[in-house]
Amino acid sequence: MKKTNSATTGQRGSFPLFNSEQSAGADLLQGIVDHFPDPVFVKDRNHRCLFANKAFEDFFGRSAEEITGQACCALYPKDQADLSRQSDELMFSTESPVENIEQVVDARGRVIRIVAHKSIYRDGRGHPFLITVLRNVTEATREQDYERQVNKVLKELALGGSRENILGMILEIAEEQFKGVTASILLVDHKEQRLRLKIASKLPEYFTAVVDGTPIRDGMGSCGTAAFRKERVVAENLQTHPYWQRVKDITLRANLHACWSEPIIMSQGNVAGTFALYYDRVKVPGPEEIKLMETMAQLAAITVEHHKVQEEKALLRKMMANIIDSMPSVLIGVDAGGGVTQWNKEAEKLTGVPPQHALGKKVGEIYPYFQPEVLQEINQALLCREIKPNLKNNRSIDGNTLYEDITVYPLSSNGIEGAVIRIDNVTERVQLEEVIIQADRMMSIGVLAGGIAHDFNNILVAILGNLSLAAQYLERETKAFELVQKAEDASFRAKGLANQLLTFAKGGEPVRRIMSLETLIKESVQFMLAGSKLRSHYSFPEKFWPVNVDPDQISQVVQNLVVNAKQAMADGGVIDIGCANLARGAPDFPPLLEADRCIAVTIRDYGAGIPDEINAQIFDPYFSTKQTGSGLGLAVCYSVIKRHGGYITTRKVDGDGAAFVFYLPVVNVEHKANALPAPEKVARGGDGTVLIMDDDLAVCALLSSMLQHLGYECLTTHDGAEVLKAYDAAIATAPVRLVIMDLTVPAGMGGKEAVQKLHANHPDARVVVTSGYSNDPVLARYKDHGFCGTLPKPFQLKDLASVLQDVLEK
């Protein structure tokens, strides 16, 4: 259809450069221009649009009729319209063709970057017209800008920019690409398994407060779900999407209607965070947005991983430097000529020479402690490039010998020639080896002591048992009875010595009984001070509270503390022994004690005292300030008191001397120590059969005599296998009322194993355990092992009678 001039008709109009005689050419030209893919329009000298082609209409979303005769400034954003008009005025003045990059607003309201090709044409009457051809270069320019910005990020990364700054740049790039979008990056807190907002964004604070700390699991918004699934999550409408229902009111308030989240995945496949785009309208992502999200997430992953690697490298360098400087070894690096290249803090500490003064000096000059033969070995290692391990270097400091182990490690790689010299102070190790040798020796002695004590107790059984049996046939007023009593007293002292040997040899659980410690303390102190220049002074409360203790072990504690006091006062003097009852809340009550009541026993000497610098070590095994001391005495005290649930310490004293205090928990008030004195005569009246198992024939004979005296019949066996057979045979004719088993049988079945096998066939069998190892843990917890009573060796007739009465009456 033939077009007419739009200036007069209001339609698209004819091409204005032709007159009416040339209308056929104008129609042809207009048809051709309408098929141009690029927008074309013509302006007159007053900047009015005279012609626009079809591409122009499609691009701007306006018909030619709407724009013809109108000023073209409406095509441009407000900030660009004046600049475009000035450019066109310049064109009309110079009439030189130009090509400008400008911005216009397209049909969808987007700001589009274009290249405008402009030229002036005059018609036959000399009227100027401005012909403009527009080419949309938004995509190409955007790609270039995009590439420039990405390169800018990578350059900043290479230059060491901070993680936060680079991730912030990524957010800016994303927000510049599309109108109405806000970008956000959340990073994974691996400890809490949550996403944290560590990069500032343009999202409202009340909204970021909600998303900060998003759990990484399915259904927790777009980001929490994307991080959990490791895949993109698109929520095109936040008001209806199920993942956002919990906070949809907040998203509405923030004018956020769509959210797309891309996981930031590291090279190893683990998720570092999420990159998200929020839109101010409901929207499904197009290919451009998807590409942007993928690229930005990859950039963020590169950034996070790069900084993680850099942090790990820095941490590694710092760690290596700290390791080298914090090592107890002296580390000296030297070059091929023996000049110092590295000097750690231990070397500085040992020599007093700082690194800056040591570097470059000959190692033999700067570290003058090498023995000549050691220095020769170091030079040989440098020359031959071979490792020299375990070089021994000894030197004297303040009269003490210092032992050093030296190892030389040659270096010959990456252009480095030299060696690292490691010097270890092994004085403690050498001393520890000596202590171990001493400990092995003590262990051997302990095993020997235990064996002697066990055999000694078996001998004492015969002596003490026969004495107690003999006393049953004597009148108290006779001289013979008095002599038997004295022999019994001596035997009891021998029993105490044997038990001390056992405690030294094995330690073990306390074999407890309720008692007052007053008599035990006095006897232990007097025993240790016999024949010395020392006297003792006692202070006891009127009623000393009873305790549940192993008397032999507590006696050893008292004796060890008295020995310590004796050694502190070699010229004689007085040892004060003070005892007190304490309840929780009292000023001297130990806070570490669990019980609410305790007794306190203080043993004080007036010797040289304990220096403050060693006070914390005095209970350590093998610690001693005496040339002849073993270092075990106070360690045994500490161990025994601790096993009794007590506490031992030192106490500051006025004047000279030292004071040791140990605390022991008291028993319940219902218990009374030593309430029932042992009867002078042991009543007879027993009946039934008692089966004895002991490998010592003398003990078997004594037990038989005692039991027969008490009225029982006896069967004797010598190991566990025999007792099992004897029990089966005996019950075929008459019940066995009781079995007394020795705990330990050399090269045979002892009581611990035998009682289990006996109870397997005869669960009602009553078994009492006896042992020369009177502090064996089995005796302390005999019920746990299947026994119903215990009879420690050596024992008297009254001890046996008491056990029989207790067991058989239950």
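If you're matching positions, the sequence shown starts at 798 in this note's numbering and goes up one per residue. For every residue, glycine included, the Cβ atom is placed at its ideal position computed from N, Cα and C.
Give the DSSP-derived three-state secondary structure of residue i in the structure shown.
i               : result
arginine 919    : strand
lysine 1319     : helix
threonine 1092  : helix
serine 1352     : helix
alanine 1365    : helix
threonine 979   : strand
histidine 1441  : coil
methionine 1117 : helix
glycine 1426    : Note that glycine 1426 has pLDDT 48, beneath the 50 cutoff, so the model's placement of it is unreliable and the number below is only indicative. Three-state result, glycine 1426: coil.
asparagine 1558 : helix
alanine 1470    : Note that alanine 1470 has pLDDT 43, beneath the 50 cutoff, so the model's placement of it is unreliable and the number below is only indicative. Note: alanine 1470 maps to coil in three-state DSSP.
histidine 914   : strand
alanine 1475    : A caution first: alanine 1475 carries a pLDDT of 39, below 50, which makes its placement in the model unreliable, though a value can still be read off. Correct three-state label for alanine 1475: coil.
serine 1209     : strand
valine 1542     : coil
For residue i, collect the residues of the same chain with a Cβ closer than 6 Å to its Cβ; drop the 5 residues on either side in sequence, then sort them by chain order.
i               : result
proline 1151    : Glu1145
glycine 807     : For glycine 807, the predicted structure reports a pLDDT of 39, less than 50, and the residue's modelled location is therefore unreliable. A value from the coordinates is still provided. Here the set comprises Glu862.
alanine 913     : Asn897, Glu899, Thr929 and Leu931
isoleucine 1218 : Ile1129 and Val1205
lysine 999      : Thr979
Quick check: the Cα distance between residue i and residue j, rounded to an integer number of angstroms?
i                 : j                  : result
methionine 966    : alanine 852        : 37 Å
lysine 1590       : proline 1348       : 14 Å
asparagine 1378   : asparagine 1357    : 22 Å
methionine 888    : arginine 932       : 19 Å
aspartate 1603    : valine 1437        : 29 Å
alanine 1470      : threonine 1316     : Any reading at alanine 1470 must be qualified, since the residue scores a pLDDT of 43, below 50, and its modelled position is unreliable; the value itself is stated next. Alanine 1470 and threonine 1316: Cα-Cα distance of roughly 12 Å.
valine 947        : lysine 988         : 31 Å
leucine 880       : valine 901         : 12 Å
glutamine 1065    : glycine 1134       : 46 Å
arginine 1309     : valine 1346        : 4 Å
methionine 1490   : leucine 1499       : 12 Å
tryptophan 1041   : phenylalanine 1004 : 12 Å
aspartate 986     : asparagine 962     : 19 Å
phenylalanine 833 : aspartate 841      : 21 Å
serine 1501       : asparagine 1263    : 11 Å
lysine 1319       : serine 1265        : 25 Å
valine 1031       : serine 1019        : 7 Å
proline 1169      : arginine 1114      : 36 Å
arginine 1578     : phenylalanine 1584 : 9 Å
tyrosine 1444     : lysine 1580        : 28 Å
serine 1321       : valine 1360        : 11 Å
lysine 915        : serine 981         : 42 Å
arginine 1050     : glutamate 1002     : 12 Å
proline 1408      : asparagine 1119    : 35 Å
Assuming residue i and residue j make a contact with CB atoms under 8 Å, what is their CB distance in whole Å?
i              : j               : result
isoleucine 970 : methionine 1093 : 7 Å
threonine 1048 : leucine 1035    : 5 Å
leucine 984    : glycine 1070    : 4 Å
glutamate 1183 : proline 1165    : Between proline 1165 and glutamate 1183 the Cβ distance is about 25 Å, and since that is not below 8 Å, they are no contact.
tyrosine 918   : isoleucine 928  : 6 Å
leucine 1535   : valine 1565     : 6 Å
By Cβ distance, which residues of its chain are closer than 8 Å to residue i, with the 5 residues on each side in sequence left out?
i                  : result
valine 1450        : Arg1401, Gly1406 and Ala1456
alanine 1327       : none
phenylalanine 1278 : Ala1268, Leu1271 and Glu1272
glutamine 1068     : Here residue 1068 turns out to be valine, not glutamine, going by the sequence shown. Within the same chain, valine 1068 has close Cβ partners Val985, Ile1013, Ala1024, Lys1027, Pro1060, Ile1061 and Ile1062.
Considering Cα atoms alone, identify which of the options is closest to residue i.
i                  : options                               : result
serine 1313        : Val1463, Gly1157 and Asn1190          : Val1463
isoleucine 1220    : Asn1034, Lys1142, Gln990 and Arg1182  : Lys1142
valine 1542        : Thr1530, His832, Lys1340 and Asp1252  : Asp1252
alanine 1055       : Thr1071, Thr979 and Gly1016           : Thr979
leucine 1555       : Glu1606, Leu1488 and Leu1601          : Leu1488
serine 890         : Tyr1075, Val912, Pro1384 and Pro925   : Pro925
leucine 847        : Leu1605, Glu863, Ile1062 and Asp835   : Glu863
leucine 1431       : Glu973, Gly1442, Val1458 and Gly1452  : Val1458
aspartate 1077     : Pro1532, Asn1052, Gly1452 and Tyr1200 : Asn1052
phenylalanine 1341 : Cys1395, Val1131 and Ser893           : Cys1395
leucine 1188       : Phe1167, Thr1567, Glu1339 and Asp1046 : Phe1167
isoleucine 1256    : Asn1222, Gln974, Gln1593 and Ile1372  : Gln1593
Leaving out five residues on either side along the sequence, give the residues of the same chain with a beta carbon under 7 Å from the beta carbon of residue i.
i              : result
alanine 904    : Phe856, Phe857 and Gly858
aspartate 1596 : Leu1588
glutamine 1139 : Leu1128, Ile1129 and Gly1130
Does the ligand HEM have even one heavy atom less than 6 Å from the beta-carbon of residue i?
i              : result
threonine 1204 : Absent from the structure shown: the ligand HEM. Ligands present: none.
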